[in-house]
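Residues in the sequence shown are numbered consecutively from 9, following the working numbering. Beta carbons: idealized from backbone N, C-alpha and C, even for Gly.
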Amino acid sequence: MPLRDFPVEMEKFLKDFRQEMREMRNALQKELRKEYKELKSSITFFSQQFDAMAKRHTKLEKENAALKKENASLLTECQSLKELATSSEQRITDLEQYSRNKNIEIKGIPLLRK
């Protein structure tokens, strides 16, 4: 190649090089945009899932607190009913004993059965 053609060849080389760089840049930008959209979509999805789980967690915490309160109330009521049952059993035993306090027990006479 003659030296006088060198500037023309260099200009052509630079032009081709710039064109290739533009094409590579455009392809890279296109790929990056695509990946960005996918990433943004994934983040949005996970954000929505997280928000839904946070709401459900809050709801379950409230339900759990209500159930704990109800359980404590039922335990108190159960204890009161146990005490009432014990008291009633003692009262029945006392009344049965009192109803027998004037009874006479006769031994040695056979019991007649019909």
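Work out the CA separation of residue j and residue i for me, nearest whole Å.
i, j, result
"E97", "R108", "17 Å"
"I114", "T101", "23 Å"
"R12", "F25", "21 Å"
"E78", "E104", "38 Å"
"I51", "E39", "18 Å"
"Q56", "R64", "12 Å"
"E43", "F53", "15 Å"
"P118", "I112", "15 Å"
"L68", "C86", "26 Å"
"K76", "Y106", "45 Å"
When every heavy atom of the ligand NAD is checked, does at least one fall within less than 6 Å of the C-beta of residue i?
i, result
"E78", "This structure lacks the ligand NAD, and indeed carries no ligand of any kind."
Might you give, ordered along the chain, the residues of its own chain that have their beta carbon closer than 8 Å to the beta carbon of residue i, omitting 5 neighbours on each side?
i, result
"E71", "none"
Grab me the residues of residue i's own chain with a C-beta within less than 6 Å of its C-beta, minus the 5 sequence neighbours each way, in chain order.
i, result
"M29", "none"
"S49", "none"
So, for residue i: in the same chain, excluding its five sequence neighbours on each side, which residues have a beta-carbon less than 7 Å away from its beta-carbon?
i, result
"K110", "none"
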